[in-house]
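Residues 1474 to 2152 in this note's numbering are what the sequence shown spells out, letter by letter.
Remarks on the structure that follows.
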Amino acid sequence: MVSSTQYGSHTWELVMTVDHQYEDIKKEFKLPVTGDLHVGGLMLKLVEEIKIAQDWSDYAFWWEQKKCWLLKTHWTLDKCGVQADAKLIFTTQHKTLRLRLPNMKTVRLKVSFSSMVFRAVSDICKMLNIRRPEELSLLKQSEGTLKKKKKKDKNSKDPATEDILNLCNSPVSSGLPANPGLYSKTMTPIYDPVSGSPASSTITWFSDGSLNEQNCSILALSHPTCSPEMLAEMYQPRTLADKAKLNAGWLDSSRSLMEQGVVEEDQLLLRFKYYTFFDLNPKYDAVRINQIYEQARWAIMLEEIDCTEEEMLIFAALQAQYHVSKLSLSSETQDSTCESEVDEVEAALSNLEVTLEGGSKSNILEDITDIPKLADDLKLVRPKKLALKAIKTYWFVFRDTSISYFKNKESAHGEPIEKLNLKGCEVVPDVNVSAKKFGIKLLIPVADGMNEVYLRCDNEDQYARWMAACVLASKGRTMADSSYQPEVQKILSFLQMKNWTTSSQAASEPENVDMKPECFVSPRYTKKFKSKQLTARILEAHQNVSQMSLVEAKLRFIQAWQSLPEFGLSYYIVRFKGSKKDDVLGVSYNRLIRIDMATGDPITTWRFSNMKQWNVNWEIRQVAIEFDQNVSIAFTCLSADCKIIHEYIGGYIFLSTRSKDHNETLDEELFHKLTGGQE
1474 MVSSTQYGSH TWELVMTVDH QYEDIKKEFK LPVTGDLHVG GLMLKLVEEI KIAQDWSDYA
1534 FWWEQKKCWL LKTHWTLDKC GVQADAKLIF TTQHKTLRLR LPNMKTVRLK VSFSSMVFRA
1594 VSDICKMLNI RRPEELSLLK QSEGTLKKKK KKDKNSKDPA TEDILNLCNS PVSSGLPANP
1654 GLYSKTMTPI YDPVSGSPAS STITWFSDGS LNEQNCSILA LSHPTCSPEM LAEMYQPRTL
1714 ADKAKLNAGW LDSSRSLMEQ GVVEEDQLLL RFKYYTFFDL NPKYDAVRIN QIYEQARWAI
1774 MLEEIDCTEE EMLIFAALQA QYHVSKLSLS SETQDSTCES EVDEVEAALS NLEVTLEGGS
1834 KSNILEDITD IPKLADDLKL VRPKKLALKA IKTYWFVFRD TSISYFKNKE SAHGEPIEKL
1894 NLKGCEVVPD VNVSAKKFGI KLLIPVADGM NEVYLRCDNE DQYARWMAAC VLASKGRTMA
1954 DSSYQPEVQK ILSFLQMKNW TTSSQAASEP ENVDMKPECF VSPRYTKKFK SKQLTARILE
2014 AHQNVSQMSL VEAKLRFIQA WQSLPEFGLS YYIVRFKGSK KDDVLGVSYN RLIRIDMATG
2074 DPITTWRFSN MKQWNVNWEI RQVAIEFDQN VSIAFTCLSA DCKIIHEYIG GYIFLSTRSK
2134 DHNETLDEEL FHKLTGGQE
């Protein structure tokens, strides 16, 4: 018989599993509880019942059926919805995770499995001394990218994971605050801006935590290149559909690792997700610069991004220069005091002084009423049917964000033959320096797709000026913008690297350089050329970059990568509302591009600057976006969860709000507001 007091009681039994390492102590506990008991009280009762003297501060309840953490300790069990059938696991919040970095090195470290991924990545970056953690995220390799590797890995060990860097004892890994000296924005350089190695005065900072000088060297310096055999084992996308598989596994930044099925000792990829590298500074960002360089290098080697033969040789030459510079540095006893480096504060003050005195002509503000314009004879190339092209010279005038062309210079005061508005267009370089070909391909949005126009320039200077103007106009900016001249210089610098002449000395003495050319180019080019031919061609290209320092070679490599037409595009297979076939959607930092899946040609471009709002219908998993001029689109994502694209759009808009004037703290709330959705 049950007594009336027991029958009327609201007490019920809750079964909990404790995740501890003691084999002789039971792991399952049954406690009588009531619905008004708060989570913190339940933790206290459980710890008293376990009777193990240890630090339980990192432990929390994981609700197995609901796949969620009970982190609000002041909430009652009733408010949390916990009932007698709930399976609660009392486990650590920080667990060991293996991360493969962009340089293919694997680090083992403790990460918070209960924090949102955005916060977890921020903590990881503090540990690795990478500024601007908002640019990175965690990626699960999709099954499609692992199939090829699994077949080949049965009999061989993966060379990239043989040595694992263990950072499990670092302060951040243990849930403690990071050493502020490593991460704070300080005017004392942390790295040598020439070699990228830790500055001698700050080496003591690294020895305090997990990032000692040796570990820092592993992360901040590039190491021996990969072999063709290693490349052959890795996933190489051949089509746009293959490239879409690379971006399918991004984790949701608004949920924790545990909520997304990640378990202890899992391996994830840490990658730069957003291609807007803000405020890169060699004095503080040696690890960050090296990891960006490595991500770019692997993208080119594995042909995740297309480039021409001429560009591939430039990338090979920059890689070769990096390793030549590294060898020469290691053979010398280097003094990394960098006396020639002017302190940033002094440089800023002297620059301000010159400006106030009016001594620098380049800094004098232009008359804002004087709108800059370009006017030149250019060749207009219009594709015709049957693969024929009509090429004719016209007088072109570039003003604001539009190009007008006339029959000749004399008729420029009248009505133009045609006026092309470049706002929102795609600008694609069509250059072959050795063949003296300097073309600009413009894909201008029209009602039924994209209007193709080719401009042909006469020389490098003319091309740089017009190309820079077109790039800015596509973003809605004019030549009056302060970024115009730097853009011209960047284009000229890239052209200069491409402009090499055959040197008999360089070509005839390839044996003087210990070079395996197959390690510097993608497999397509190792099949196309014999080893000696490839070595000679890389050495020819190397002449223009042979004087660069370690860090400069890496920065130039990143800059050249950013100049490629496909740079920064993440691809997804989607089905647009009303369409009967699948398309590819390219997501970039400032636009969305609808691409024909069969031909790879862009169909339509939509700029973020014209976007009014975007949302997701979670029931049918459809993304809907509204733009200016009553333009609206809707699509479902077939190659990934629609939340990934939603987060990409919100993430890029969040990154566009950053400013050098702000401190290093991130507005996490704004990020989640823009990316989280209303699921």
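Just so it is clear, CB atoms sit at the ideal spot from N, CA and C, and this is done for glycine as well.
Note that this is a predicted model, so its numbers are computed, not measured.
Mind the definition here: the region 1901 to 1911 touches the region 1923 to 1942 only if three or more C-beta pairs lie below 8 Å; say whether that holds.
yes
In this structure, does DSSP put N2017 in helix, strand or coil?
Reading the sequence shown from its first residue, position 544 is the one you call residue 2017. Reduced to three states, the DSSP call for N2017 is helix.
Residues bridged to L1570 [DSSP beta-bridge criterion]:
Taking the sequence shown and counting its residues from 1, the one referred to as residue 1570 is at position 97. Answer is L1582.
Assigned secondary structure, F1591 (DSSP; H/G/I helix, E/B strand, else coil):
In the sequence shown, the residue the question calls residue 1591 occupies position 118. Three-state DSSP puts F1591 in a helix.
Got a sec, what are the start and stop residues for the alpha helix (DSSP H) P2120 sits in?
In the sequence shown, the residue the question calls residue 2120 occupies position 647. Correcting the residue type first, residue 2120 is Glu in the shown sequence and not Pro. E2120 -> alpha helix (DSSP H) spans 2115 to 2128.
To the nearest angstrom, report how far apart I2046 and A2113 are at their CA atoms.
Within the sequence shown, residue 2046 is the residue found at index 573, counting from 1. Within the sequence shown, residue 2113 is the residue found at index 640, counting from 1. For I2046 and A2113, the distance between alpha carbons rounds to 8 Å.
Leaving out the 5 sequence neighbours to the left and right, which residues in its chain are closer than 7 Å to Y1795 when beta-carbon positions are compared?
Counting from 1 along the sequence shown, the entry for residue 1795 is found at position 322. Taken in chain order, the residues that qualify are S1695, L2023, A2026, K2027.
Does DSSP classify S2052 as helix, strand or coil?
Translated into positions along the sequence shown, residue 2052 becomes position 579. S2052: coil per DSSP, three-state reduction.
In its own chain, which residues sit with a C-beta less than 6 Å from the C-beta of E1501, not counting the 5 before and 5 after it?
Here residue 1501 refers to the residue found at position 28 of the sequence shown. Closer than 6 Å at the Cβ level, and outside the excluded window around E1501, lie T1490.
Selected residue, minimal CA-CA separation from L1730, among R1571, K1914, I1876, Y1867
Start at 1 with the first residue of the sequence shown, and residue 1730 comes out as number 257. When each option's Cα is compared against that of L1730, the closest is R1571.
Let me know the secondary structure DSSP gives S1956 once reduced to three states.
Locating residue 1956 in the sequence shown gives position 483, where the first residue counts as 1. Coil, per DSSP.
Check whether L2037 and I1778 have beta carbons under 8 Å apart
Taking the sequence shown and counting its residues from 1, one reaches residue 2037 at position 564. Taking the sequence shown and counting its residues from 1, one reaches residue 1778 at position 305. Yes, these two residues count as a Cβ contact at 8 Å.
Apart from the five residues just before and just after Y1998, which ones in its own chain have a Cβ nearer than 8 Å to its Cβ?
Within the sequence shown, residue 1998 is the residue found at index 525, counting from 1. The answer, listed in chain order, is E1782, M1785, L2007.
In this structure, how does DSSP classify K1746 when only helix, strand and coil are distinguished?
By one-based count along the sequence shown, residue 1746 stands at place 273. Three-state result, K1746: coil.
Buried versus exposed call for Q2091 [16 or more other C-beta atoms within 10 Å across all chains shown]
Here residue 2091 corresponds to residue number 618 of the sequence shown, with the count starting at 1. The sequence shown places Trp at residue 2091, not Gln. Exposed, because fewer than 16 other Cβ atoms sit within 10 Å of the Cβ of W2091.
Distance, Cα to Cα, N1603 vs N1576?
For this step, residue 1603 is matched to residue 130 along the sequence shown. For this step, residue 1576 is matched to residue 103 along the sequence shown. Inspection of the sequence shows that residue 1603 is occupied by Ile rather than by Asn. Computed Cα separation, rounded: 14 Å.
Would you please state the rounded distance, in angstroms, between the beta carbons of L1544 and A1533? I believe it to be under 8 Å.
For the purposes of this step, residue 1544 is taken as residue 71 along the sequence shown, with counting starting at 1. For the purposes of this step, residue 1533 is taken as residue 60 along the sequence shown, with counting starting at 1. At roughly 6 Å, the Cβ-Cβ gap stays under 8 Å, so L1544 and A1533 are in contact.
What residue range does the beta strand (DSSP E) around V1760 cover?
Reading the sequence shown from its first residue, position 287 is the one you call residue 1760. No beta strand (DSSP E) holds V1760; the alpha helix (DSSP H) holding it covers 1759 to 1774.
Check whether the Cβ of N2083 lies closer than 7 Å to any heavy atom of the ligand SAH, and answer yes or no.
As for the ligand SAH, it is missing from this structure, which has no ligand bound.
G1722, buried or exposed, once every other Cβ within 10 Å from all chains shown has been counted against 16
Here residue 1722 is taken as the residue at index 249 of the sequence shown, counted from 1. Per the 10 Å Cβ criterion, buried.
Please report the residue range of the beta strand (DSSP E) in which C1541 lies.
Position 68 of the sequence shown, counting from 1, holds the residue named residue 1541. That run of the beta strand (DSSP E) goes 1541 to 1543.
Answer with buried or exposed for K2003, where buried requires no fewer than 16 other C-beta atoms within 10 angstroms of its C-beta.
For the purposes of this step, residue 2003 is identified with residue 530 of the sequence shown, where counting begins at 1. Result: exposed.
Can we say the region 1730 to 1743 touches the region 2110 to 2130, given the rule of at least three CB pairs closer than 8 Å?
no
Top-ranked residue by Cα proximity to S2043, from E1888, L1582, A1717
Here the question's residue 2043 lines up with position 570 in the sequence shown. Nearest C-alpha to S2043: A1717.
By Cβ distance below 7 Å, which residues in the same chain neighbour N2088 in space, the five residues on each side in sequence not counted?
On the sequence shown, residue 2088 is found 615 positions in, with the first residue counted as 1. If we look at N2088 and ignore the five residues flanking it on each side, its Cβ neighbours are A2097.
Identify whether Y1936 lies in helix, strand or coil by the three-state DSSP scheme.
Locating residue 1936 in the sequence shown gives position 463, counting from the first residue. If DSSP states are grouped into helix, strand and coil, Y1936 belongs with the helices.
Buried versus exposed call for E1776 [16 or more other C-beta atoms within 10 Å across all chains shown]:
Position 303 of the sequence shown holds residue 1776. With 16 or more Cβ atoms within 10 Å of its Cβ, E1776 is classed as buried.
With a floor of 3 residues, list each beta strand (DSSP E) that falls wholly inside the region 1852 to 1900, ordered by position along the chain.
1862 to 1872, 1875 to 1879, 1891 to 1894
Of all the options Q1614, K1583, S1587, L1612, which has the alpha carbon lying nearest to the alpha carbon of K1599?
Translated into the one-based positions of the sequence shown, residue 1599 becomes position 126. Selected option, being the one with the closest Cα: K1583.
Assuming R2010 and L1791 make a contact with CB atoms under 8 Å, what is their CB distance in whole Å?
The residue given as residue 2010 occupies position 537 in the sequence shown. The residue given as residue 1791 occupies position 318 in the sequence shown. Not confirmed; about 14 Å, so no contact.
Can you tell me which of the three DSSP states I1917 falls into?
Numbered from 1 along the sequence shown, position 444 holds the residue referred to as residue 1917. Three-state DSSP puts I1917 in a strand.
Same chain, Cβ closer than 7 Å to R1872, neighbours up to 5 away in sequence not counted:
Position 399 of the sequence shown, counting from 1, holds the residue named residue 1872. For R1872, where only same-chain residues beyond five positions count, the Cβ hits under 7 Å are I1844, K1846.
Separation of L1601 from T2148, as counted between CA atoms:
Taking the first residue of the sequence shown as 1, we reach residue 2148 at position 675. Taking the first residue of the sequence shown as 1, we reach residue 1601 at position 128. Cα to Cα, T2148 sits roughly 25 Å from L1601.
By a C-beta neighbour count over all protein chains shown, 10 Å radius and 16 as the cutoff for buried, is W2034 buried or exposed?
Numbered from its first residue, the sequence shown carries residue 2034 at position 561. That one is buried.
Return the Cβ separation of T1546 and V1520 in integer angstroms, given the expectation that the two are a contact with Cβ distance under 8 Å.
By one-based count along the sequence shown, residue 1546 stands at place 73. By one-based count along the sequence shown, residue 1520 stands at place 47. No, T1546 and V1520 are not in contact; Cβ-Cβ is about 13 Å, not under 8 Å.
Determine the closest residue to N1924 out of M1707, T1712, R1581, D2074, with distance taken between C-alpha atoms.
As a first step, residue 1924 is located in the sequence shown; it is residue number 451 there, counting from the start. Comparing Cα-Cα distances from N1924 to each of M1707, T1712, R1581, D2074, the minimum goes to D2074.
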